[in-house]
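Notes to accompany the following structure.
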Amino acid sequence: MFHPQVRFFVFSLLAEAGQRSGRTAEVRALIDELAPVAATGGAPALAIALAYARAVTADGDDAEAAYDAALAQDLTRWPVERARLQLAYGAWLRRRRNAARSRQPLRAAAATFDQLGNAPWADQARAELRASGESLRRPIDARVTLTPQELQIARLAAEGLSNREIAEKLFLSPRTVTTHLYRIYPKLGVSARTELARVMINKGT
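Throughout the sequence shown, residue numbering follows my numbering, covering 874 to 1078 in sequence.
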C-alpha cells in the first residue's frame, strides 16, 4: 500500500496533467467519486489531495476560493503538501497578473522546500518568484564551511555516537573530537548536539 504522501503526489500530478491537457472534467468527476470517502475523516491524505485537485482544476475566480479552502485545512503534519499548495497558488496568482500577492506563498513554499532538502521544488518556487519580479537566492549549505574531518565528526555525532566512540572510529583523542565540535556548532548555526543531528539529517547526510 502506498504511503499517504505518495498517494497525494500521484493525485496532484493527475490533477495538474488534467488541467494542462484540458481534461479537467474527467479529474472533477474523479474528485466527486472520491469525495464521500474523504468525507468520512479516515483518509486525511485523500482529503488534502482532493482539495489540491479542486484548486488546480477550478475555473477563473472559483480557483481563489478553492485555494483558500485547501490552505485553510490543518496541514501541520503535511509540510510538503502545504508547500505544494502554496507553490501552485503563487503560480496561479502570478499568471493572473497579481505578482505582488503571489510572492508571499511562493516565499513560504521555497522556504519549506529548502528546509526539507527538496531542491527541485525549491528551485521551481524561486523561478516563479523571479517571474514575479523578485529574486530569492538559494541558501548556502553551511556544511560546505566544514573541513572533511569536521564533516565526518558532525555526521557521526548526528548518528548518536559519543565523543569517545567518534574518537575511536577516527583514531583521534576524545579531547580533539570535543574541540572540533566546538568549532562545528557555530559554523552550522547550532548550539547543541540535538540541533546538530536535526541539521545533518534534514540535509540528507
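All C-beta atoms, glycine included, are put in the ideal place defined by N, C-alpha and C.
**Prompt:** Quick one: is R1056 buried, meaning 16 or more other Cβ sit within 10 Å of its Cβ, or exposed?
**Reply:** exposed
**Contacting residues, own chain, Cβ-Cβ under 7 Å from R1037 (five flanking each side not counted)** = Within the same chain, R1037 has close Cβ partners P1047.
**Prompt:** Distance, Cα to Cα, A928 vs T1052?
**Reply:** Going by C-alpha positions, A928 is about 53 Å away from T1052.
**Request:** Find the nearest neighbour of G1117 within the set L907, D932, A936, judged by alpha-carbon distance.
**Result:** Within the shown structure, residues of the chain are numbered from 874 to 1078, placing residue 1117 beyond reach of any answer.
**Asked** Do the stretch 942-954 and the stretch 964-971 touch if we need at least three Cβ pairs shorter than 8 Å?
**Response** no
**Prompt:** Taking DSSP as the reference, what is the three-state secondary structure of N991?
**Reply:** The three-state reading of DSSP puts N991 in coil, since its state is none of H, G, I, E or B.
**Request:** Let me know the secondary structure DSSP gives F875 once reduced to three states.
**Result:** Because the pLDDT of F875 is 43, which lies under 50, any placement of that residue in the model is unreliable, and the number read from its coordinates should be weighed accordingly. In the structure shown, F875 sits in coil (DSSP, three-state: anything other than H, G, I, E or B).
**Prompt:** Exposed or buried, which one is E1001 when buried takes at least 16 other CB atoms within 10 Å?
**Reply:** buried
**Residue interval of the alpha helix (DSSP H) (run including G963)** = 952-968
**Message:** Using only the alpha-carbon positions, how far apart do F986 and G963 sit?
**Reply:** Between F986 and G963, the C-alpha separation is close to 14 Å.
**Request:** Verify whether the separation of the beta carbon atoms of K1054 and Q1025 is less than 8 Å.
**Result:** Here residue 1054 turns out to be Leu, not Lys, going by the sequence shown. No; because the gap between Cβ atoms is not below 8 Å, this pair is not in contact.
**Prompt:** Do the CB positions of A943 and L966 come within less than 8 Å of each other?
**Reply:** Their beta carbons are not under 8 Å apart, which means A943 does not touch L966 by this criterion.
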